[in-house]
Structure formats: C-alpha cells, structure tokens
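Trainee: Chains as they are written, first to last, in the working numbering: chain G, 1 to 359; chain P, 1001 to 1933; chain S, 2001 to 2233. Ideal Cβ placement from N, Cα and C applies to all residues, glycine included. The following block contains the structure, expressed as structure tokens.
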Amino acid sequence: MTMIKDAVNAFCSPVIIFTASMVCFYLFVRFPRQATSMAVSLPLLGLALAGFAFGLTDDHFRKIITTPDNVPIVGMLFIFLYFTWYAVRKGVINDQRMERGESTIEQTETNEKVLVFPYLIFIEFVMALAYAIVLVVWSIFLKAPLEEPANPTISPNPSKAPWYFLGLQELLVYFDPWIAGVLLPTFIIIGLCAIPYIDRDTDGSGYFSFKKRRAVISTYLFGFWILWVLLIVIGTFMRGPNWNFFGPFEKWDIHKTVPLLNINLSEIIFIKWLGIGLPKLWIVRELPGILLTLGYFMVPPAILAKTKLKSAYQKLGPVRYAVLMMLLLVMVSVPIKMYLRWAFNLKYIVAIPEFFFNI
Amino acid sequence: MAKPNPSLYSVQKTFFWFAVTSVLLTASLAGIVYIDAKRDWKDYQKAFFKLKAEKATAELKQAASAVDKKELEKLRAEHSAARKTLESNSKSILDLNAKLTAAELEITKTKVVFQDLKQFEDSYRYYYEEYTAHHDPRAASYAAKLAEIKPRVQEAKIKLEKAEKGRDTVQAGLDALLRQEKEAQKKVDQLLDETTRIERKIEAVKPSFAKDLLNAPMLDFIAPTLEIQQVVLENLHDDYHFAKAQKVDRCTTCHMGIDQKGFEDAPQPFRTHPNLDLYLGSMSAHPIEKIGCTTCHGGNGHSVSFIDTAHTPRDEKQKAEWEKKYGWRDLEKWEAKMLPLQYTQAACAKCHTGTVEVPQADKLNLGRNLAVDLGCLNCHKVEGFEGLWKVGPDLTAVASKTDETWVSKWLQDPTRFRPSTKMPRIFHLENQAGADNAKLEDAAIVATAKYLHHHSAHPEVLRAPQGDAAMGEKLIKDLGCLGCHSAAGVTAGTHGPELSSLGSKVNADWLFTWLKDPKRHSATTRMPSLRLSDSEAADITAYLMSQRNEAFDSAAAPKADPKAVDDLILLNLQSKMRHEEAVAQLSKMAPDEKLLYLGERTIAHQGCYSCHDIRGFEQAKSIATELSDEGRKNLHQFDFGYVHDIPHTRQDWIRKKLEDPRVFDHGKVKGYYERLRMPHFGLSEVESEAITTFVLSLTQEEIALEAQDLLTTDEQRIERGRRLIQKLNCQGCHSFDGKDAILRSITEDPGAAPPVLHGQGSKVQEAWLHDFLQHPTTIRPWLKYRMPTFGLTDTETQDIVRYFALLDGRQTSYRGEVLQEVSPDRLAAGKELFEKLQCAKCHQITASSQAMGASFLAPDLTLTKHRLRSDWVIDWIKDPQAMQEGTMMPGFFPDMQSPLPDILGGDAQAQIEAIRDYLYRYDPAAAAESTAS
Amino acid sequence: MICSWNRATLTALLLTLFATQAQAASVSGSASFQGQAPAAEPIKMEADPSCKALHADGIAADDVIVNANGTLKNVFVYVKEGLSGKYEAPKTPVTLDQKGCMYTPKVLGVMAGQPIEIINSDSTLHNVHALPKNSPQFNLGMPLQGMKIKKTLAKPEVMVKVKCDVHPWMASYIGVLDHPFYAVTGEDGSFEIKDLPAGTYVIEAWHEKYGTQTQSITIDDSGKSDVAFQFGV
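If you want it as structure tokens, here you go:
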C-alpha cells in the first residue's frame, strides 16, 4: 500500500507528470481514432475511476479532494476530459464517414428540422430541473467553508490564487513575475483574439473533423490541456505550503525543506564556463542571453518558412505568418523554459535586475 | 441512421423524465426546508420544556397536597350555595339587567343632546369674544344667542346626571345580588392560587399541537415557542482583527436553565450556573445582560450548534465521550475557542486589571503569585507586571558568602542541596543528555562559578563570636524567623529559603554579619534586620552552621574538561568571527581567561541576571519571550516540534512547557547554543494548572472601559500596598486583608502570636505607624516575636500607611489627634473609673509578671496618645470581642450597661468617653502610685 | 369541697401513671486513678499580690486532683449517645464563682440555654473569658467584688473552657448538653446520673488532662447500673 502511494507521489513530481502528460498528449493527437475508441477509452476511464477510488481511501487525498472548494475542480476535470474526448470522437467519426464517402453527421442532421418549441424547450426545461436538483443537493451536502476571521498579520500558507489562475501561479516557479503574470496572459488573450485572423481556412468548418484541422486542434489542445489545465491541476493538488511539491498522498508539512538553488545563464556562461566573473555592464553580461532569445524568435521561423512550413507561409502571407510564429514560439517557450529549469536549475536566460526585467 | 422520428426523440420518455425530475426537485426542496428546520437547539429546548413541565408537575403535586382539603370543600360548598341563591334570584337579575340596558340608553340619549348643545355654546362664546375684541357689531347677536343657550345646556346637563344616577342605582342593585357569589369565588381562587399558578406554568411549557404548528417550518415566523435566545452586549466585542463586532451570545438557546434557580441537578445543558449570586443573577456582579457568556468562557457566541460554538472538552476522556455522542471535532477556524472549564478563571483578568489578586479567582491568583514568586515574571516580560523585585539572591558579593565548589555543585542540581528551593534546574536537563553534553554542561557550570567569584565584591565581614547552638535553635523558633523561613525542624514560612543545611554552604563570619546587617551584603535584599544582639546572632549562627548536608558535601564537584571548554569557547567566538580567527583567539587565551570568558558567555546565554544581580550584567536584557499576549497567541506560532502526544491546543502546549520545558527539543538536531533554555521548575500538577491559567489570562484584548472593573485611585493605592506587602511577606507573621499568617497557625497560644492587623487603619495614627515601620519598637513586651526593621524608603512606608488607612476607608492626613478641652470633673470621673475597673491590673509591667505566661499582660497605656486614634479607643472599650475576636481584653460594658451606676449617672457612653479622655492624659507615675495605695 | 376532692383524685391518678416513670433507672459509678498521682505544683501568684494574700500557705494547681481513695476528682460524666426526646433547660441558673482567684466549681455541667450565673467573690479584677466553639464567645470584666453576670451557652458542647486573662492559672470547664443526664465526680470520685429512661446508652467520662473514655451500657426500667472508669498516668 505504502509502496504504491510512494510511487504515485514520486510520479506526480512536476518533471515526470509534465513529461508523461506530453507523451500521452502526443499519442492522443497522433492516433485519435484509436485513442477515442471505446476499446481504449473505457478501460482508461475505468482505470481513472479505480485510481480515484483507491486514492479516496487515503486520509490526505480525501481531505484535499473532498474539500468543498476542490470538488468542482475535480468534477470539472472529468467534464473537460469528456468533452474533449467527445469532440475528437465526433471528429474521428466524421473523418471515417468522409473516407467512406458519406456526408458528415452535421450535414445529415441539417436536413431534418423540428420546432424549437416544444422539443428543444421541453428538454431544456427538464435539464433545468435536473440542474436545479443537482444544485440543491450539492448545496445541502457540500457547504461553503467558513474559515477563520481574516488576520492581516498572518498570511495563509500556501497562499493560492483562485483556481483559474493557479496555472499562472505555477508558472511563477519558472518565470519572472512580469513574464508569467503579465506577458504570458497577454499573449494568451491576444492569441485567442487573433485566431480568427490567422486561421481563415474555411475547409473543415461547420462540422467536427480531426483530420482536416489536425494542426490547429493539436495546437489548441496542447495550449489548453498541457499549459493550462495540467498546470492548474499541479497548482491545486500538488503544491502545498511554501509552494513545495507534495504528492497526492503526502501530508502538507509546513516545515518541509527542499534544497533548490537556481542560477542565471549569465552566471553559467561567465562564471562556470569562462571563469572570468560577471561583467560589470549589464549589456555585456546579458549579451549571450539576449542573443539567444532574439535568435530563438528570429531564426526558427525564417528557417521553417523556407522548409517545412513553406505552404503555410505562402498561404498566410508574411504578416500573419510572423504573428502566428511569434505566438507559437511564445507558447512553446513555456515548456522549453520549464525543462531548462528542471535540467540545469536555470533561473533566467536574461537577467536585468537593474530594470526589473528578466526572461 | 434510421429515418428520424418527426419529433426527433420520444416525447413520452421526456414526460417520464419530467415527472421524475419534478418529484425529485420537490423532494430536494423539501429536503432544504427540513435541513433548515431541523436544528439541535430545538431539540434541546423541547427537552428543557419537558424538564420544566416535570418539575412543575412535581411542584403542583406538592402544592396540591399543601392545600387544606377541608377548607377547600367548605369554600366550594359556600360558593355553590351562593350560586344557588343567585339562580333563585335569576328573574330579578334579568329584570335588573333589562333596567340597566334601558338606563344606558337613556344616558346615551341625554348625553347626545347635552354634547350638541354644549358645542354650540362653545362656538357662540368664541364668536362673541372675537367680535367683542374687534368691536364688531355682530357681537350683540352672539351675546343674545349665548344668553339663550346657556340655560338649555344646564338643563341638559342635569338631565344627563339624573340618567347616570339612575343607571348607578340599578347597577348597585345588580351588584348586590351578584356580590356574594363573586366573593365566594374569590375565596376559592385564593386558596387555589398557588396551584393555579403552577398549572398555568405547566400549560405554558407543555408541548401541544398548537405549539407544534407554530414551530413548524415556514410558519415559525409568526409566534414560535422554540426561539433562539440571545443576549446582545453593548460594551463587549468580538475582535476580528480589523473590525470589532458587538458580542451576541446565543448560548442560552440551549443552556436554558443556566440563570434560573432550581436546575442544579438537571443534566447538561440545562444545569444552573454555579454560584448564581456572583454570576448571571440580575443582582450579581456579573449579570448576564451585561456580561453574557463568551467573555468569560470564550467560544463562538453567534453559533447555536454544539460544534460550531467551539466547546472544548476538559480532558481526553471527555473528548472521546463528545466525539461519540455529538460527533465533536476541533473547530480549527475559530481562534477564540472556549477554554476548558479548569482554565475559566483565566478570563477574569480581562476586566479585573491592575490588582495583585483577582477576588474569588483562587486558581488564577495562585498562578499569579507563583509566577511572581518563582521568578517567571523576572525573565518573561509581561505588560502590567513590571517593576517586580528580583527573586534570586544578589550575587555581586557571592565570594564572601560561599565558595566556587559549592556554587558549581549547586548549579548541577539545586534540589540536591535544598529540595524545597525555588531555584530551577538549568543544566543537565533532557535536551542536554549524553556524556558529551554532560561534559559541556559541567564546563559551563565551572566557568560560571569562576566568573561569579572573580567579579565578586568583598564587603567587610565581622568576626563571629562563639555561640550556643541550642540557644540558637530556640531563638529561631521564638524570634519569628519561621514567618519567612522553614528551619529548626519546623516547616513554616516559604518566603525565604529553607535553612537546614547552611553549614555546607556559608562560613560563620559571613552568616553572623548577614544576620546582624543583611544590607551590608546586598543593598537590595528583602531580608530584614531583626536587630539581633551579638550574642543572639552568634547563637543562631552556631546553630545554623551546625547543620550540614552530608550527601551534598560528599558529592564530587564538577570538573571543567579543557577540551569541552575549548569547544564551547570556539562555538561562541565563531558566532562573532570566522573560524580561523576564532581558533587564533582561543589559542591566545590563558586557561583562567578561558574560564572567565566562558562563564560570562554562559551567564549571558542562560539569562541568570534576570533573577540575580550579577556584576557586569546590570543592563542586560532578559532572554525570554514576552508573554503579554500569550493568551491570544496564534496556535501556529507554538512550536510543538515532534511532540504529538498532547492535544494541539494552546493550553496543552503551555502546560506541557511548564511541566517539561525542554521537551519540544525532542527529536530535533540542534547545536549546543541553539537548544531550548527555559529551566525546569519541578512544578506539581496543581501548580502547573494554576500557572497555565495565569498565562492564558495574559491577553491584550481590548475591553471597553465601561465594561472593566476599573480601580479608583484609592483602590490603586491599596493594590500598590498589597504588592509591597507581598514583597515583604508581612502576611507570614500577621493576619490581615483576607490572609491568615503562617506564624499564627504554628503558635499554640494566640496571645503569643504576632498581632492580627485587621482594622489597623482605623486603630493607629499615621505618624506613629510611619515611625514604627521605619524604626520598630516594642509595644507588647511579652511577645518574643520581634518585628523586623525592613529598611523601608519613605515612599514605601507612606504606601503601607496609606494602604492600611484605605483598607478601612480612611484617607491619610498624618495630622495626629487633636485633644479637646475636657472638664476636670470628667477627668476625675475617668480616673475613678480607671481605678475601679482595675485597668492597671493588666496594663502594668513588673519583673515578676514576665514569668506568668504570654497571655497575661496588655500594652503600655502611655503609648495611647501617640499611637491610637481616639474614636477607635471608644469602640474598643465598648466591645473588644467584636473588634478582635478572642482578644484577652475583657468587655466591661455588656450591652452598654455599666457596672458602676454612680459615676456620671451610670451612662455607659459617657463613662467610656471619660476613660478615653483620661487615657489621653494618662501619667504612669501617678497611676502606679494609686494602685499601690 | 368537691374541687379539692377532684384534685386529690387527679393527683392520685397522675401519680399512679407516673409512678412507673419515678422508678426510672440511674447510672452510678466512679472514676478511679491508677498509678502514681503527679505532684501538685504550687501556683505562682506573684503578679497579683491580692491573690497571693488570700492563700497564705500557697495553693496547688487544680488540673489533676487525686482523692484520698485513689479516685479522680473533676471528671465529667455524661450520656453521649442513645437519648431521644427533647429536654427543656431549667430556668434555675448554675453558679460559677471566682473565689480566692480560683474558679469554683472547676468542672460543671449545664444544659444548653440554661443560665449560668458568674460571681466574683474577690476584690481583685477577674475577667471571665469563655471559649466555646459552637456558641458565641464572650469575655467580660468583673471589677467589683460581689458583682454577678448571667450568661447562657446556646449550643451543646463538651467541654467549653473558661479562663481568666488577668490570672492565667485560672481555668474552668463547662459541659453544655441538651439533656440533664450528667454528673461530676466529687471528693470521693463517684457520680450518679438519675432518672434515665430504659435503653442502651454510651456514657463518656472526660478529664482535663487524661482525656475521654466511653462505655456502653443497657439499662432496664428500675435497675441501677454501675459503671467504672479508670484513668491513669
């Protein structure tokens, strides 16, 4: 029993769980047909539920999961999983139909119409009743927690943001607050707003299809699942006092002390490799990092435009292509930086404390 | 896919689900109403009403049996007889009723007429006056109208009065007929008054269907019988850190019987609060409307559920009971949890501030006094307890008193030398266990002793002459040393150290000098001078030096292992400089220098200077935590460490800390100088509970001044006096101010014990008391006990004088007695009374009388004019037993009857005044003459 | 004539009725002393010359008086347990005299509420300081020769010490009871308690210096019971 729990605790460490999730994600988008088939999904669901049931036997797991605050998040996880699976499944089914030369389900359904009232309204009404029942029963059994009177001299430990921002709070571990709290959310919003302007391809719109829209679906799901939901899950369930990592079966001990010393790129280059000490001028000191960053943003798009993404470049045009690349590179920089941090204890690629600017 | 159904899905099925969800929704809404309405407190209230009904039923039975059955029968018979008469008169009654109705009608009619006319009259009069004032010609017509209507009004009035009279007559007749029955009924009611009252009480409390309906959910807003009871407290607030909310205590919702007499045996939560005269009664000092419940007991007053109100179990056993019975769990999120009942007195200090002791709070007072006495408050700063004396002896001249070896052995374990010592154990405690640590500790001990000796002063010491030890033992028992010390085989005072092994500690010369003049050794000592003669001091010295502690003497002295010394010094130096420099510095030190340095560092580390005066540490700050707000300290700031066998509460941490101060180091890896330092006091369970109560009482909770028991200036002065009395241990010898003296309890003959000082403020003159306190003289020559000279400053003496005066409700004036003119007749009468009553029989001192026994003689009356207040003397002579029970002074005027009827006309008051006047002009020489004759 | 005749018959009737009562039992006995009688120390009366003058040949301390027949004087014997019923305190007072700077009698019994008349037969000042625990204490001066004070002790108590503060050797002991069944041994060391109803009782004997002893007896209506107490060094 303890061995299983210890194994799960070790597995849930950020490095392993992130990497494993990326692997699972890759498999999912690479083999959607198999991934969404009943043969694979049902056993996986069963496994997940069994794992959950097993976890609930543990005091600590139960305490975290059944806190009234966290119950909706757990529920939401399953709901997100279901809808993602459902959408991709519909896309897969449509792809299969199209391969067979049939029309898509949406097309078939479009030809049949019924009156909104009573058919839609009635079902919606019954659902509303059911929804009301769920809310009432929920409110009876899961009471909103009444905590202690707020004490301005005592900060709670851990001090957590609302659940929808926990992903960003988790990013604070790897990024400077300006980047994680301002730049990245801005890019997320800009990115989401920019989607209709970048993706003008009408092919595959109006019906679920995975094959036709593989790239955009994968990109979006990557951003949503790995960079948003997974980080929220880590932030909610696996970060405890002092923002230390705690496995699902581990007690949240405020005294836990873990060694963690991170260094900047400039320190790695000038002290560790060259051994000459940090230069006085910041521009000289951070030149390697600045060059690296600029290179990261400028070089890959140029190269890809000429090679792999030639068609995309031609379709989109330079401006849209550049914007798309910028957004994609920023998105991908997040896992890159996370891995650099885990592997090399890298703190900042560019560290300019004189201007409070670090990357 | 198959051809779709025109409706796309089965409407029947949807109907079915619609029905199901409707039913479920209704059920869930009913569930909400049910959960909202099902509250524990309602059940408790129902149970209480049942209990009340039972009690009332029992009362009813008793009351019913107390009713005289015969009397009841008789009255009932009378009543039915009266009823029968009534019935026989029924016809006339009906007639009279009819007449009455007619008379009423007549009245109504005439009244209408009268009122109508009257209103016209008033109107005419107004217009007439107005027009006359404005010289309007219409005045004349109104005058005429007025003249015309006046008689009509008068007529109508008379008619009305006649009608009223007619009605009254009829009514009187009716009443006459009904009176007898009414009176008979009244008599019956009176007899059954008690039982009716109780029956009504039962009705009010008994459950009934109507009540159940009123209490039903949704209907219970109208007039429920089960209601939440609350007390809203004006001046008391719950502190929510940045806001204060008025306290609203809803405890009485379940604790319905708490402020009612008669429920002392009821099961909880209905039991009456103990001591209703002091708490909760409307006439008591803590009425429930002003104080509520949570101020004293803590907890969440707003809640009405057992768990959410933060009830705290008394001990593990009760916790298990509650977990089973109520599903109790610790309410983590409410900080001001209820204190377990054994610590309730901690809350008294919130409002009763500024006093040395809180009245009626015996556990809190014990804790406080222990905290003062054992030196807790010397190390731990607490607001409101500043300016206390240092409890440990002055060590600035310790080398003249004892030697290094003794100090080292003492520091190893003080109880080895003196089991009753107040000095706690500092070294060789459980967090310094192990052979290596023992070496370090011993090195520190030896170094400390060396430091103290090296820096000690050497005040001049007298040579002790030879003394008689047997005489010394007797003197110790006779002179009153036992009021502060336990010695000579007698366990008595605990203010000063127990004196049974001094031969192993001090040298004779030092002890002799100390006994003669304690202040020579230490200016701040509390030990007073007993004005001992050289032979007395020598005798006592000889006795005390003859007693040794063999076990202590033969124990080996600790050794300072050089390596241990070096290690410790290195640790010290490393905190100030780098390791290399530290090693260099260490190598430069000579061995003696090393020990001195280590000694200084050890004293600085352990904070010895907080309790003792030590050279070189005059300004040093104490090492201990400030405890001013310990009662409200956040639970997470208490370091429980790896100690998991105590409940996770504030009170349990504090108690454990007191019982075993270093236990929270258990399981931790700490350097020598990082370990916990609080010494071990060896407290008993009673003591640790009392001190825990005291520590829990230390809060800086803001209570509105109107709610506090603020002291007047006079009361503050009394408290200042009490603190001084505590410091000097006056109550070790004298009984007063609610305390009994130890010395009196071990003295067989009350006449031989130090005088009781109740009422001293009304008895003596301030100037005399002031002089006496600074330079005591002999008042009662037969008393062997000697009043010591305390070396009080003027301020201290004034404080004590004022304290006594204020205890008796007097202000001090230091004015003395102003003698009035007295007629020579009066003086002569006084002298005659003095002789006839033979006062000089007792108030006389000759050599032979000394042999009779202590309870023979009385104070010298020449002292009267300077010492006693003249009005006190009157009260004293009137009835000495009333002023001091058991006194040997007899009363000569029982019930103010004089035994000498021919002096001053037998008027006892005049006689007593004459005696008093004579006393204030008393001349002992003249008195001796007349007695001899 | 007829009234007196009726009175006579009535008396006769009553007498016959109460004859049985008149035959009630009595308990008698003695308190003997074993061992060597302690030497009686003379009292030092130097402090008060008037007392010294009253005893030209000196006087011995009266705390232990062993009679010539080897019995102990001033032993207070009373019924401790076994009585039921209420007994009214008589109105006639019991006398306690201060004569020759000594209390006479040294040991006496009185009923609760019965008046005690204290007399000072000496010319010197005495004070009578009674120290009961169950009743209010009193301490009254008696400066005049021949003056009398009446006091009562309200609650039963065995024994109440009465002392004089002017003359510390003076002491008297009063046994206060709520029934009249007590006696004090005299010069011959014997005592008799009369008119005791039949029953089982615990009798206690008290002496100032030698403490108390109890014995249990059962008596019937007309019997005489004999109880012997032994005190010793």
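Please report the distance separating the alpha-carbon of methionine 338 of chain G from that of phenylalanine 83 of chain G.
Mentor: About 28 Å.
Trainee: Measure from the alpha carbon of proline 1880 of chain P to the alpha carbon of each residue in P:Leu1532, P:Phe1892, P:His1134, P:Ala1438, then state which is nearest.
Mentor: With distances taken between Cα atoms, proline 1880 of chain P lies closest to P:Phe1892.
Trainee: In this structure, does DSSP put glutamine 1342 of chain P in helix, strand or coil?
Mentor: Helix.
Trainee: Grab the span of the alpha helix (DSSP H) containing lysine 1878 of chain P for me, first residue to last.
Mentor: Counting along the chain, the alpha helix (DSSP H) containing lysine 1878 of chain P begins and ends at 1870 to 1878.
Trainee: Could you tell me the alpha carbon to alpha carbon distance between glycine 1682 of chain P and glutamate 1659 of chain P, rounded to whole angstroms?
Mentor: Answer to the nearest angstrom: the Cα atoms are 7 Å apart.
Trainee: Taking only the alpha-carbon atoms, compute the straight-line gap between leucine 1696 of chain P and lysine 1050 of chain P and give it to the nearest angstrom.
Mentor: Distance between the alpha carbons of leucine 1696 of chain P and lysine 1050 of chain P is about 39 Å.
Trainee: Among residues of its own chain, excluding the 5 on either side of leucine 1339 of chain P, which ones have a beta-carbon nearer than 8 Å to its beta-carbon?
Mentor: Around leucine 1339 of chain P: His1297, Gly1298, Thr1312, Ala1346, Ala1347, Gln1651, Leu1696.
Trainee: Provide the residue span of the beta strand (DSSP E) that contains valine 2234 of chain S, from first to last.
Mentor: Because chain S is modelled from 2001 through 2233, residue 2234 of chain S falls outside the range shown and cannot be assessed.
Trainee: Please state if the CB of aspartate 95 of chain G and the CB of lysine 5 of chain G are separated by a distance shorter than 7 Å.
Mentor: No, these two residues do not count as a Cβ contact at 7 Å.
Trainee: Report the residue from P:Gly1905, P:Gln1726, P:Val1020, P:Ala1564 whose alpha carbon sits nearest the alpha carbon of alanine 1443 of chain P.
Mentor: Of the listed residues, the one whose Cα sits closest to alanine 1443 of chain P is P:Ala1564.
Trainee: Could you tell me which of S:Val2027, S:Phe2231, S:Ser2084, S:Ser2050 sits nearest to histidine 2179 of chain S, measuring between CA atoms?
Mentor: Closest option to histidine 2179 of chain S, Cα to Cα, is S:Ser2084.
Trainee: Is glutamate 1498 of chain P near arginine 1548 of chain P, with beta carbons less than 7 Å apart?
Mentor: No, the Cβ-Cβ distance between glutamate 1498 of chain P and arginine 1548 of chain P is not below 7 Å.
Trainee: So phenylalanine 2229 of chain S packs on glycine 2070 of chain S, CB below 8 Å; how close in whole Å?
Mentor: Between glycine 2070 of chain S and phenylalanine 2229 of chain S the Cβ distance is about 13 Å, and since that is not below 8 Å, they are no contact.
Trainee: What does a CB cutoff of less than 6 Å around arginine 285 of chain G pick up in its chain, not counting 5 residues either side in sequence?
Mentor: Closer than 6 Å at the Cβ level, and outside the excluded window around arginine 285 of chain G, lie Ser266, Leu278, Pro279.
Trainee: Excluding the 5 residues flanking valine 258 of chain G on each side, which residues of the same chain have their C-beta closer than 7 Å to its C-beta?
Mentor: Excluding sequence neighbours, valine 258 of chain G sits near Asn244.
Trainee: Taking only the alpha-carbon atoms, compute the straight-line gap between proline 301 of chain G and asparagine 151 of chain G and give it to the nearest angstrom.
Mentor: Roughly 52 Å between the two C-alpha positions.
Trainee: What do you reckon, are the CB atoms on valine 2064 of chain S and isoleucine 2203 of chain S nearer than 7 Å?
Mentor: In this structure, isoleucine 2203 of chain S does not lie closer than 7 Å to valine 2064 of chain S by Cβ.
Trainee: Give the residues of chain P in contact with valine 137 of chain G, contact being defined as C-beta atoms less than 7 Å apart.
Mentor: In chain order: Ser1028.
Trainee: Glycine 1759 of chain P CB to nearest chain S CB: under 7 Å?
Mentor: Cβ-Cβ to chain S under 7 Å: no for glycine 1759 of chain P.
Trainee: Along the chain, where does the alpha helix (DSSP H) containing threonine 2104 of chain S start, and where does it finish?
Mentor: It is not in any alpha helix (DSSP H) - threonine 2104 of chain S instead sits in the beta strand (DSSP E) that spans 2102 to 2104.
Trainee: Taking only beta-carbon positions, decide if asparagine 151 of chain G is within less than 7 Å of chain P.
Mentor: Closer than 7 Å to some Cβ of chain P, the Cβ of asparagine 151 of chain G qualifies, so yes.
Trainee: Below 7 Å between beta carbons: does that hold for leucine 1292 of chain P and valine 1231 of chain P?
Mentor: Looking at the sequence shown, residue 1292 of chain P is not leucine but glycine. Cβ distance < 7 Å, so glycine 1292 of chain P and valine 1231 of chain P count as in contact.
Trainee: Under 8 Å by Cβ, that's how I've got methionine 1883 of chain P and glycine 1759 of chain P pegged, so tell me the actual separation to the nearest angstrom.
Mentor: Going by Cβ atoms, the distance from methionine 1883 of chain P to glycine 1759 of chain P rounds to 6 Å, so yes, they are a contact pair.
Trainee: Within 10 angstroms of the Cβ of tyrosine 26 of chain G, are there 16 or more other Cβ atoms? Answer buried if so, exposed if not.
Mentor: So tyrosine 26 of chain G ends up on the exposed side.
Trainee: Check whether chain S comes within 7 Å of methionine 1888 of chain P, counting only Cβ atoms and requiring the distance to be less than that.
Mentor: With 7 Å as the cut-off, methionine 1888 of chain P counts as an interface residue toward chain S.
Trainee: According to DSSP, is aspartate 1539 of chain P part of a helix, a strand, or is it coil?
Mentor: Three-state result, aspartate 1539 of chain P: helix.
Trainee: Quick one: does phenylalanine 122 of chain G have its CB under 7 Å from some CB of chain P?
Mentor: For phenylalanine 122 of chain G, the answer is yes, since a Cβ of chain P falls inside 7 Å of its Cβ.
Trainee: So, is the C-beta of leucine 148 of chain G closer than 7 Å to a C-beta in chain P?
Mentor: It should be pointed out that residue 148 of chain G corresponds to glutamate in this sequence rather than to leucine. Glutamate 148 of chain G counts as touching chain P.
Trainee: Would you tell me roughly how many angstroms separate the C-alpha atoms of valine 1818 of chain P and alanine 1285 of chain P, rounded to the nearest one?
Mentor: Going from the Cα of valine 1818 of chain P to the Cα of alanine 1285 of chain P covers about 41 Å.
Trainee: Hey, could you find the ends of the beta strand (DSSP E) aspartate 1239 of chain P is sitting in?
Mentor: Per DSSP, aspartate 1239 of chain P belongs to the beta strand (DSSP E) from 1231 to 1239.
Trainee: Ends of the beta strand (DSSP E) at aspartate 1249 of chain P?
Mentor: It spans 1244 to 1249 - the beta strand (DSSP E) in which aspartate 1249 of chain P sits, taken as one unbroken run.
Trainee: Which of helix, strand or coil does DSSP assign to asparagine 9 of chain G?
Mentor: Reduced to three states, the DSSP call for asparagine 9 of chain G is helix.
Trainee: Below 8 Å on the Cβ atoms is my contact criterion, and I expect leucine 1595 of chain P with alanine 1805 of chain P to pass it. Report the Cβ-Cβ distance as a whole number of Å.
Mentor: Not confirmed; about 55 Å, so no contact.
Trainee: Within the same chain, show all residues whose beta-carbon is closer than 8 Å to that of asparagine 2139 of chain S, passing over the 5 residues directly before and after it, in chain order.
Mentor: Asn2127, Val2128, His2129, Ala2130, Asp2165.
Trainee: Would you please verify whether the beta carbon of valine 2110 of chain S is less than 7 Å from any beta carbon of chain P?
Mentor: With 7 Å as the cut-off, valine 2110 of chain S does not count as an interface residue toward chain P.
Trainee: Return the first residue and the last residue of the alpha helix (DSSP H) that glutamine 1115 of chain P is part of.
Mentor: Note, glutamine 1115 of chain P: alpha helix (DSSP H), 1090 to 1133.
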